[in-house]
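Asks: Sharing a structure here in structure tokens format.
Protein chains: 2
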Amino acid sequence: MTGRHRRDDGGTGRAGNGAGGGRRSPRPRDPQARRDALAAAVLDVVAEVGIGRTTHRAVAARAGLPLGATTYYFPTLDDLIAAGLRRASEALQADLRDWAAQVAAADDPVAALVRLVESYLADRNRARIEYELYLAAARDARLRPLAETWVRGLRELLEPHVGDVAARGIVALLDGVLIQALVTGADLDGPALATAIRRLAGR
Amino acid sequence: MTGRHRRDDGGTGRAGNGAGGGRRSPRPRDPQARRDALAAAVLDVVAEVGIGRTTHRAVAARAGLPLGATTYYFPTLDDLIAAGLRRASEALQADLRDWAAQVAAADDPVAALVRLVESYLADRNRARIEYELYLAAARDARLRPLAETWVRGLRELLEPHVGDVAARGIVALLDGVLIQALVTGADLDGPALATAIRRLAGR
DNA sequence: GTCCATCTTGTACGTTTGTACAAGACGGAG
DNA sequence: CTCCGTCTTGTACAAACGTACAAGATGGAC
């Protein structure tokens, strides 16, 4: 359920005192790569344990960097997580631009959209992260702009093809279909989705 | 973003040693009421901070009970949280039964459904909890049965009225509409929802 | 070369966590 | 009444946490 603590043993031990001292020979300098690696690691950890259980140490371990690297580049945990979320948001926006182009260029926009949704869902990990984030916005208003990026971007993508009202309905449908696939672990039923979209579009 | 630690001060202090000793005069015994109070408190805390940040101490404080009460009735944190989730699941199933009766009895089933959705969303806190839980199932397979209760229950409610295929589409639509309302904080657009449902139902 | 800002790393510190448990209060069985 | 299992509570403890920071390494400016 949560997966904390457990009655096993760990044993870190180790002491030392007074003040620390860098020892091991440092890896080559590359601040930008480290920032990126940390932001990417945040998303991995979020996908696994959720935002609420994401910690400096887990992110550092995932990035293969020492703990100190996290606080050097991101003063607080909030900053660290925010960096990950920013990265997710940028990836999402890029995707939406790509989707818009593909739908606009397609002979059958509905079929194209269904294919895009299917390919989006192929990377379940990423979808999980984005929906985790999406839902977190229900609790934390600071995350709303990101949630709105998704809803608005998708709506604007569809409006030229089906009009305002139908676009809203289709966006909701897609959200529901994606969440259900994530939550139940089931695959997407492409033909059924296409049918539903066409009905909402009024043909 | 996450809201942990902060640089404020607390100061628990206090010591004592060897082993504790019960002091204050205990409240009247009522094990069942305590279990219930704890399970209810879990849901409050989950609504506020998410499953990932739900702790024994926060639950105990919310329930107005001492820390020891949580571990006395629920050996581990997982058990404690599971008790809350079980309670949420039972409430959900009761609601679904109620919905089914109301939709079946209505002159206009679609209008009845829209009204039910609106009233469901009136308690945002509850909706937040259930969707938090719902999405957590994407990460933790143990929660899937609960998520499936929602999807299957809603689908079975609709099938008699609109058939299998349309029911699936409508359930997805409702999920999407609810999530978007939660996430953006916007109110539900009842008439638009009714229109979309009718289109998916094929009239 | 020397210098210094920047980066890398290990470790320290105080807090919060999950969980364990001893001490006392209660209330029905005998 | 006495006894005993159940409940209640305060507290203890090790692990994990967020954050701070001293010590070394690096590489460009001069």
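First to last, the protein sequences are chains Y and L. In this text, residue positions in the first sequence follow our numbering: the first is 105, and each later residue adds one. In this text, residue positions in the second sequence follow our numbering: the first is 105, and each later residue adds one. Virtual Cβ for every residue (Gly too), placed ideally from N, Cα, C.
DSSP state of Pro132/L, grouped into three classes?
Replies: Walking along the second sequence from the start, residue 132/L turns up at place 28. Coil.
Asks: Return the residue from the list Ser223/Y, Arg161/Y, Tyr177/Y that minimises the CA-CA distance to Gln206/Y.
Replies: Within the first sequence, numbered from 1, the residue matching residue 206/Y stands at position 102. Comparing Cα positions, the closest option is Ser223/Y.
Asks: Can the beta-carbon of Leu217/L be found closer than 8 angstroms to that of Ile283/L?
Replies: By 1-based counting over the second sequence, the position of residue 217/L is 113. By 1-based counting over the second sequence, the position of residue 283/L is 179. It is not a contact, given that the beta carbons lie outside the stated cut-off.
Asks: What residue range does the alpha helix (DSSP H) around Ala210/Y cover?
Replies: Here the question's residue 210/Y lines up with position 106 in the first sequence. First-last for Ala210/Y: undefined, no H or E at that position.
Asks: List the endpoints of the continuous alpha helix (DSSP H) containing Leu282/Y.
Replies: Locating residue 282/Y in the first sequence gives position 178, counting from the first residue. Segment 268-288, the alpha helix (DSSP H) holding Leu282/Y.
Asks: For Arg248/L, which residues of its own chain have a beta-carbon under 6 angstroms away from its beta-carbon, when the five flanking residues on both sides are left out?
Replies: On the second sequence, residue 248/L is found 144 positions in, with the first residue counted as 1. Within the same chain, Arg248/L has close Cβ partners Ala241.
Asks: Using a Cβ-Cβ cutoff of less than 6 angstroms, which residues in the same chain neighbour Ala305/L once the five nearest sequence positions on both sides are dropped?
Replies: Taking the first residue of the second sequence as position 1, residue 305/L is located at position 201. Excluding positions up to five away in sequence, the list reads Val266, Ala270.
Asks: At the level of alpha carbons, what is the spacing between Gly126/L and Leu196/L?
Replies: For the purposes of this step, residue 126/L is taken as residue 22 along the second sequence, with counting starting at 1. For the purposes of this step, residue 196/L is taken as residue 92 along the second sequence, with counting starting at 1. Caution is warranted here: a pLDDT of 43 is assigned to Gly126/L, below 50, making its placement in the model unreliable, and the coordinate value is therefore given only provisionally. Distance between the alpha carbons of Gly126/L and Leu196/L: 39 angstroms.
Asks: Is there a C-beta anywhere in chain L that falls below 8 angstroms from the one on Leu142/Y?
Replies: Here residue 142/Y refers to the residue found at position 38 when the first sequence is read from its first residue. Not closer than 8 angstroms to any Cβ of chain L, the Cβ of Leu142/Y fails to qualify, so no.
Asks: For Arg166/L, does the three-state DSSP call read helix, strand or coil?
Replies: Translated into the one-based positions of the second sequence, residue 166/L becomes position 62. If DSSP states are grouped into helix, strand and coil, Arg166/L belongs with the helices.
Asks: When you compare the CB positions of Gly156/Y and Arg157/L, do they come within less than 8 angstroms of one another, or not?
Replies: Walking along the first sequence from the start, residue 156/Y turns up at place 52. Walking along the second sequence from the start, residue 157/L turns up at place 53. Yes; because the gap between Cβ atoms is below 8 angstroms, this pair is in contact.
Asks: Taking 8 angstroms as the threshold, find out whether the region 144-164 of chain Y comes into contact with the region 173-185 of chain Y through three or more Cβ pairs.
Replies: Contact between the region 144-164 of chain Y and the region 173-185 of chain Y is present, because at least three Cβ pairs lie under 8 angstroms.
Asks: Taking the alpha helix (DSSP H) that Thr299/Y falls in, what are its first and last residues?
Replies: What you label residue 299/Y is simply residue 195 of the first sequence in a count that begins at 1. 294-304 is the span of the alpha helix (DSSP H), which, as asked, contains Thr299/Y.
Asks: Given a limit of 9 angstroms on CB to CB distance, which residues of the region 160-186 of chain L reach chain Y?
Replies: If the cut-off is 9 angstroms between Cβ atoms, the region 160-186 of chain L has Thr180, Leu181, Asp182, Asp183, Ile185, Ala186 near chain Y.
Asks: Quick one: what's got a C-beta closer than 8 angstroms to Ala173/L's C-beta in the same chain, skipping five residues either side?
Replies: Position 69 of the second sequence holds residue 173/L. Contacts found: Arg138, Leu142, Ala164, Ala167.
Asks: Against chain Y, does Glu263/L count as a neighbour if the rule is that its beta carbon must be under 8 angstroms from one of theirs?
Replies: Against the second sequence, residue 263/L aligns to sequence position 159. By this cut-off, Glu263/L is not an interface position.
Asks: On the CB-based measure, 16 or more other CB atoms within 10 Å of its CB, does Leu171/L come out buried or exposed?
Replies: For the purposes of this step, residue 171/L is taken as residue 67 along the second sequence, with counting starting at 1. Flag for Leu171/L reads exposed.
Asks: Using a cut-off of 9 angstroms between C-beta atoms, extract the partners of Leu278/L located in chain Y.
Replies: Start at 1 with the first residue of the second sequence, and residue 278/L comes out as number 174. Simply Ala276, Gly280.
Asks: Give the residues of chain L in contact with Leu304/Y, contact being defined as C-beta atoms less than 7 angstroms apart.
Replies: Here residue 304/Y refers to the residue found at position 200 of the first sequence. Within 7 angstroms Cβ-Cβ: Ala300, Arg303, Leu304.
Asks: Rounded to the nearest angstrom, what separates Thr316/L and Ala186/L at their Cα positions?
Replies: Since the first residue shown for chain L is 105 and the last is 307, residue 316/L is missing from the structure and cannot be characterised.
Asks: To the nearest whole angstrom, what separates the beta carbons of Leu261/L and Ala204/L, a pair I think is in contact under 8 angstroms?
Replies: Here the question's residue 261/L lines up with position 157 in the second sequence. Here the question's residue 204/L lines up with position 100 in the second sequence. Yes, they are in contact, since the Cβ atoms of Leu261/L and Ala204/L sit about 4 angstroms apart, within 8 angstroms.
Asks: Comparing C-alpha positions only, which one of Gly289/Y, Leu277/Y, Ala290/Y, Ala245/Y sits nearest to Ala290/L?
Replies: Taking the first residue of the second sequence as position 1, residue 290/L is located at position 186. Checking every option, the nearest Cα to that of Ala290/L belongs to Ala245/Y.
Asks: Is it buried or exposed for Pro135/Y, if we count other Cβ within 10 angstroms and need 16 for buried?
Replies: The residue labelled residue 135/Y in the question sits at position 31 within the first sequence. Counting Cβ neighbours within 10 Å, Pro135/Y comes out exposed, since fewer than 16 surround it.
Asks: Is Arg219/L helix, strand or coil by DSSP?
Replies: If you number the second sequence from 1, residue 219/L lands on position 115. It is helical.
Asks: Please identify, using Cβ separations under 9 angstroms, the residues of the region 143-156 of chain Y that lie next to chain L, in order along the chain.
Replies: Under the 9 angstroms Cβ criterion, the region 143-156 of chain Y contributes Ala151, Glu152, Val153, Gly154, Ile155, Gly156.
Asks: Taking 8 angstroms as the cut-off, decide whether the C-beta atoms of Val275/L and Leu258/L are in contact.
Replies: As a first step, residue 275/L must be located in the second sequence, where it is residue number 171. As a first step, residue 258/L must be located in the second sequence, where it is residue number 154. Yes, Cβ-Cβ distance for Val275/L and Leu258/L is below 8 angstroms.
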